[in-house]
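J.: Okay, so the sequence shown: first residue is 3 according to our numbering, each after it adds one.
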Amino acid sequence: MSAEATDASAVVRLSVVHAERRVDLAIPGRLPLLEVLPGVARGLGVLDATLLHGGYRLTRADGSELDPTRGAIAQGVDQGEILTLTRGQLVAVPNRYDDVVEAVIDATSAHHTAWRPEDAARTATAVSLTLVGLSAILLALQPSTTALPAIVAGVGTLVLLALTATLCRIRQHEAGLGFGLAAAAFAGLTGYLIAQHQPLWGFALAAAGLGLIVGGGAALLLATKPAEILLLPIALGLAIAIPAGVVGITGVDPSGPYAVMVACAGLLAGALPWLTLSSTRIRVISPMTESEMFDPPPPVDPERV
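1. Determine contact between the region 211-222 and the region 230-242, defined as no fewer than three beta-carbon pairs at a distance below 8 Å.
2. Using 8 Å as the threshold, is the C-beta distance between Gly156 and Thr115 below it?
3. Mind checking who Thr61 pairs with in its DSSP beta bridge?
4. Going by DSSP in three states, Pro259 sits in which element: helix, strand or coil?
5. Under a Cβ-count criterion, where at least 16 other Cβ atoms within 10 Å of its own Cβ denotes burial, should Pro245 be classed as buried or exposed?
6. Taking Cβ to Cβ, would you say Ser257 is nearer than 8 Å to His199?
7. Which value, in whole angstroms, describes the spacing of the CA atoms of Pro151 and Asp100?
8. Should Gly250 be labelled buried (16 or more other beta-carbon atoms within 10 Å of its own) or exposed?
9. Could you check the C-alpha separation between Pro228 and Glu176 for me, to the nearest Å?
10. Just to confirm the assignment: which complete alpha helix (DSSP H) runs, minimum length 4, are found wholly within the region 186-241?
11. For Gln144 and Thr125, I'd like the C-alpha separation in whole angstroms.
12. Touch check for the region 67-82 and the region 8-27: three-plus C-beta pairs under 8 Å?
13. So the beta strand (DSSP E) Ser130 belongs to, where does it begin and stop?
14. Less than 8 Å between the C-beta atoms of Gly182 and Ala225, yes or no?
15. Closest to Ala184 by C-alpha separation, out of Thr127, Val262, Ile153, Gly45, would be which residue?
16. Looking at Asp64: is its Cβ nearer than 8 Å to the Cβ of Gln77?
17. With 16 other CB atoms within 10 Å as the buried threshold, where does Val103 fall?
18. For Leu87, tell me which candidate among Ala273, Ala189, Leu39 has the shortest Cα-Cα distance.
19. Identify every residue that forms a DSSP beta bridge with Arg24.
20. With H, G and I counted as helix, E and B as strand and the rest as coil, what does DSSP make of Pro245?
21. Consult DSSP for Ile29 and reduce its assignment to one of helix, strand or coil.
22. Just checking my contact of Val248 with Pro259 at CB under 8 Å: how many whole Å lie between their CB atoms?
23. Would you mind working out which of Phe205, Gly41, Leu223, Val106 sits nearest Thr168, comparing C-alpha positions?
24. Is the CB-CB distance between Leu60 and His20 below 8 Å?
25. Just how far apart, CA to CA, sit Met263 and Leu162?
26. Does the distance from the CB of Gly190 to the CB of Ala221 come in under 8 Å?
27. Thinking just about the alpha-carbon of each residue, which of Val25, Gly31, Arg306 is nearest to the one in Gly41?
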């Protein structure tokens, strides 16, 4: 090394590389390398908070590691030397690919699990329910001159209910619940098609709501537990059938009964957290004073557990 590098106040000029990035530095020769490592890592774009526990290392061209507690001069670092920054033992050598397909496969396998039979079942269920939904739309758009659309919707409701019962009993519970919701929707469509010659905001929607209630209740009875999600079409059917029935019977303006129902639904939605907590066996004890907040928890009785 030159006389300048051996001087206590000398500045050592070196380069640090990581992957395809490089940063040129001029650091005091006696300063411990530990003091400049964070700045070097930040300059190279590898200062990752999730990997800081692995530490950083500076290695020379011959593969030897530099002691971060000592300076560059004390370890014999030459002027213009090129060092390599690595993040502890956690970083592997970056792979280089000649084929884009291989790179895509490796990137996908690193972030996603392998395709499982459950994934295939969910995909088939989603495609089937999409086709069922398109069928329902086509039936709803048919003219009201014939009863054939209502008959087809009714038969479809029975088929979907049969699928719900079958799938729930062959350990395809998610698919069974999905087809149960579809059965409730088809039952509502059946009710609407039967009464579609009636005023829309009156008996037509009342029949649709009644169909949702009947279809959702039948699916709830046929599905295996837990099947609480099938209560949704029943609740929706009640929310539609009550104001629609009032409008159909009294002939009043639809805005009033439906506005009241929307307000009631909003009030009931606010009570859902209380209803959920009250239906479980877990007691939630809220602290009343600051001393209760910082008191140690009571001991757990293993016999009661």
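Heads up, the beta-carbon is just placed ideally off N, CA and C, and yes, glycines get one too.
T.: Taking the structure as given:
1. yes
2. no
3. Glu67, Thr86
4. helix
5. buried
6. no
7. 58 Å
8. buried
9. 10 Å
10. 207-224
11. 29 Å
12. yes
13. Note, Ser130: premise wrong, no beta strand (DSSP E); alpha helix (DSSP H) at 119-142.
14. yes
15. Thr127
16. no
17. exposed
18. Leu39
19. Val19
20. helix
21. strand
22. 5 Å
23. Leu223
24. no
25. 30 Å
26. no
27. Val25
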